[in-house]
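So for the sequence shown, the numbering used here puts the first residue at 394; every next one is plus one. From the three backbone atoms N, C-alpha and C, an ideal C-beta is built for every residue, glycine too.
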Amino acid sequence: MKLYSYIVTRDFGFAPNPFYGYCTLATCKPVIRRCADVGDIIVGIGSAAKGSPYKNRLIYAMIVSEKLTFDEYWNCERHNRKRPFMYGSKKKKYGDNIYHTSEETGMVIQEDSHHSLEHGEINMLNYLKDIPGKYVLVAEEFWYWGEKAIKLPDQFLGLAKVGQGHITKSDPAFVQSFLSWLRGMENHGYIGNPHNFSKPFQRYNGK
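Structural data, given as C-alpha cells:
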C-alpha cells in the first residue's frame, strides 16, 4: 500500500470529482493515475500560495477501489452521471468522464467539458496532459472536505511538503497510521463543497 500526496491548485469538483457517491480522479496527475493501484491512498493538500487559507490543510483523501481505463469508465453505467452536460447543473458541467475511444477513428475523444475549449473544441494542452495517465482512479471510500478543509496533524505535515508533481510514502507504519486516523473520523464521503464551486462555471485553459 502506498500513499500519494499532491497540491490541489484548482478545486472545482472536477479533479477530483467527489459527486454521485464516488470520488474519481480521471484527469490531471497522470503519473499518479498511471502508477497507483487498488488499495493505495491519494491525498490532495491545499495550496500554500501567499494568502491561501488552505495551507497544510487536507482537501480530500481517497482509497482506490477501482482502476479503470478511459473506455471502461465511459461505458460503466455507474459512472454515466459523471459524463459532462453543458446545459445541466454546475455539478453536471464539471463531470470528469470526458475521454473515450472513437469507434470510427480509433482516436481518444475529449468531450465538451471543463478541459475543452469554449465551444467544445479539443484543448490540446489538457489533452496531452490527461491522456498519458491512461487510467481513472475510483474510490468508494473517501473524505472530501473542499472548502471545509481540515488541518493536517503535525505527524502528517510531511505530506504537504510537495513541490511540483507529487510525493510518495511507502513506509507501512506511516501509511497505516494515516489510514487509521482517516477511518477514525466521524464524517466521511462528501463533507464540503469544492472551494471554487460558488463561482460561475469555468473552463481550464491548461496553462
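Item, Value
"Exposure label - Gly526; buried when at least 16 CB within 10 Å", "buried"
"Environment of Arg426 [buried if 16+ CB atoms lie within 10 Å]", "buried"
"Closest by C-alpha distance to Trp538, when choosing among Thr561, Val457 and Cys416", "Cys416"
"Minimum C-alpha distance to Leu521 - residue among Ala542, Tyr492 and Leu530", "Tyr492"
"Reduced DSSP secondary structure (H/G/I, E/B, other) of Ala532", "strand"
"Beta strand (DSSP E) segment containing Cys416, residue limits", "Cys416 to Leu418"
"Span separating the alpha-carbon of Thr494 from that of Asp464", "7 Å"
"Whole-number beta carbon distance between Gly414 and Tyr487, since they are thought to touch under 8 Å", "Wrong, their Cβ atoms sit about 16 Å apart, outside the cutoff."
"DSSP state of Lys486 mapped onto helix, strand, coil", "helix"
"Three CB pairs or more closer than 8 Å across the region 538-547 and the region 576-586", "yes"
"Buried versus exposed call for Ser565 [16 or more other C-beta atoms within 10 Å across all chains shown]", "The sequence given here places Pro at residue 565; Ser does not occur at that position. Classification of Pro565: exposed, given that the 10 Å Cβ count is below 16."
"Proximity below 8 Å, CB of Asp433 to CB of Val457", "yes"
"Nearest to Leu461 (by Cα), restricted to the options Leu451, Ala419 and Met455", "Ala419"
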